[in-house]
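Read through the structure below, which is laid out as structure tokens, and then see the notes.
Okay, here's the thing in structure tokens:
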């Protein structure tokens with residue numbers, strides 16, 4: 012495959028990722044607190060499918076349509092075995108995955124076991140994937156006049172464990188209520204704060220994460236159900252979360268979480284009521300898309316690939332490409348003015364030869380530092 016073909020391919024993947032980053036998942040709170048009897052891949056596939064539902068005009072036949080390209084981009088799958096892996100994931104979801112829903116009714120609790128997606132259809136010659144939800148799951152996805160939660164699909168895409176996804180959804184449910192009552196009123200101040208600092212008993216936490224018979228020792232439960240998931244949530248979502256352990260006698264009885272919402276340049280959080288915030292976020296996304304598009308078109312991107320300083324996979328990282336266009340490529344323009352395009356090529360060849368392993372973690376920062384150190388030398392030579 013030529014470099015030009017690879018760039019075109021990755022342009023399309025970036026466009027798909029941009030579209031996915033705008034998607035929201037909206038679910039009833041009873042589904043959020045249910046037991047998800049599935050691992051991370053079927054759960055993420057379910058969330059992706061739910062993001063396709065238009066709650067204003069729900070699909071009458073419970074059917075939504077995805078593209079294979081969307082699925083592969085969402086799961087960041089780029090190897091040659093992706094079609095067989097997709098098939099395995101679908102089959103596993105249909106054979107094993109179901110929700111155990113417990114909902115409080117007037118005379119007690121009602122229990123339901125629901126297979127959410129019983130029907131999936133695709134071909135090896137077409138990009139479209141047909142996904143049909145079960146009629147029983149639909150009320151939890153479209154009857155959303157009250158007691159529902161919405162969160163960004165892009166947050167879910169970055170989480171790599173089932174427990175991270177389950178905990179993130181539950182934290183979103185509570186924080187959504189905090190935002191709602193903070194803006195609309197209807198709750199006492201201490202009640203509103205409880206939504207931002209929600210408490211869950213260890214028994215409820217085990218039930219929700221389907222670990223009643225696992226991690227018998229609390230230190231194991233804490234490591235796998237609290238510490239590791241929160242590391243992922245804090246690194247990849249719009250939340251920063253800490254927690255305190257609450258004792259009853261000598262045992263840990265419950266956990267109190269403390270949730271804050273990040274306000275950062277790459278924030279993908281969703282706030283329905285705040286139109287000003289949404290407009291500012293939309294402008295920021297539009298600006299980033301322009302930067303990404305320019306980076307894809309830039310001759311410097313081609314040079315970076317030729318020098319193995321940028322991989323086709325890294326080109327799907329919109330933040331990286333926007334950063335290169337904004338912070339690195341203007342400095343390459345300066346060097347080009349001083350030494351021509353050959354000067355830029357020689358510089359990149361040198362950078363490739365001297366590249367340190369650590370630079371792979373943040374290639375844009377590494378390239379920026381390299382050109383910032385080199386440009387003053389070129390300017391001094393011209394003065395001399």
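In the numbering used here, the protein residues as written are 12 to 395.
Don't be surprised by glycine CBs; every beta carbon is placed ideally from N, CA and C.
Remember, it's a predicted structure, so these values are computed and weren't measured experimentally.
- By the neighbour-count criterion, in which 16 or more other beta carbons inside 10 Å mark a residue as buried, residue 28 falls on the buried side.
- Nearest C-alpha to residue 137 among 94, 339, 357: 94.
- If one requires a minimum length of 4 residues, no alpha helix (DSSP H) run lies completely within the region 105 to 138.
- Here the C-alpha atom of residue 178 lies approximately 51 Å from the C-alpha atom of residue 352.
- According to the DSSP assignment, residue 253 belongs to the beta strand (DSSP E) that extends over 250 to 259.
- In the same chain as residue 232, and ignoring 5 residues on each side of it, the C-beta atoms closer than 6 Å to its own belong to 226, in chain order.
- Judged by beta-carbon spacing, residue 78 lies beyond the 9 Å limit of residue 36, meaning their Cβ atoms are not closer than that value.
- For residue 355, the enclosing alpha helix (DSSP H) stretches over residues 340 to 365.
- Across the structure, residue 73 and residue 144 are spaced so that their CA atoms are roughly 5 Å apart.
- One alpha carbon belongs to residue 44, the other to residue 132, and they sit about 29 Å apart.
- In the displayed model, residue 148 falls within coil according to three-state DSSP, outside both helix and strand.
- Taking C-alpha positions only, residue 50 is separated from residue 103 by approximately 9 Å.
- The beta carbon of residue 270 sits closer than 8 Å to the beta carbons of 182, 185, 186, 189, 207, 208, 209, 250, 251, 252 from its chain, once the five residues preceding and following it are set aside; these are given in chain order.
- If you check the CB distance, residue 151 and residue 39 come in under 9 Å.
- Beyond the five residues adjoining it in sequence on each side, residue 349 comes within less than 6 Å, by CB distance, of 389 in the same chain, given in chain order.
- If you check the CB distance, residue 164 and residue 59 come in under 9 Å.
- The beta carbon of residue 386 sits closer than 7 Å to those of 342, 345, 346, all from its chain and outside the five residues before and after it, given in chain order.
- For residue 163, no alpha helix (DSSP H) encloses it; the enclosing beta strand (DSSP E) starts and ends at 159 to 163.
- Excluding sequence positions up to five before and after residue 123, its CB lies within less than 6 Å of the CB of 112, all in the same chain and listed in chain order.
- For residue 268 and residue 167, the gap between their C-alpha atoms comes out near 19 Å.
- At a Cβ-Cβ threshold of 9 Å, residue 75 and residue 105 do not count as neighbours.
- Listed in chain order, the beta strand (DSSP E) runs fully inside the region 60 to 95 are 74 to 78, counting runs of at least 3 residues.
- Contact annotation: residue 149 and residue 69 have beta-carbon atoms nearer than 9 Å.
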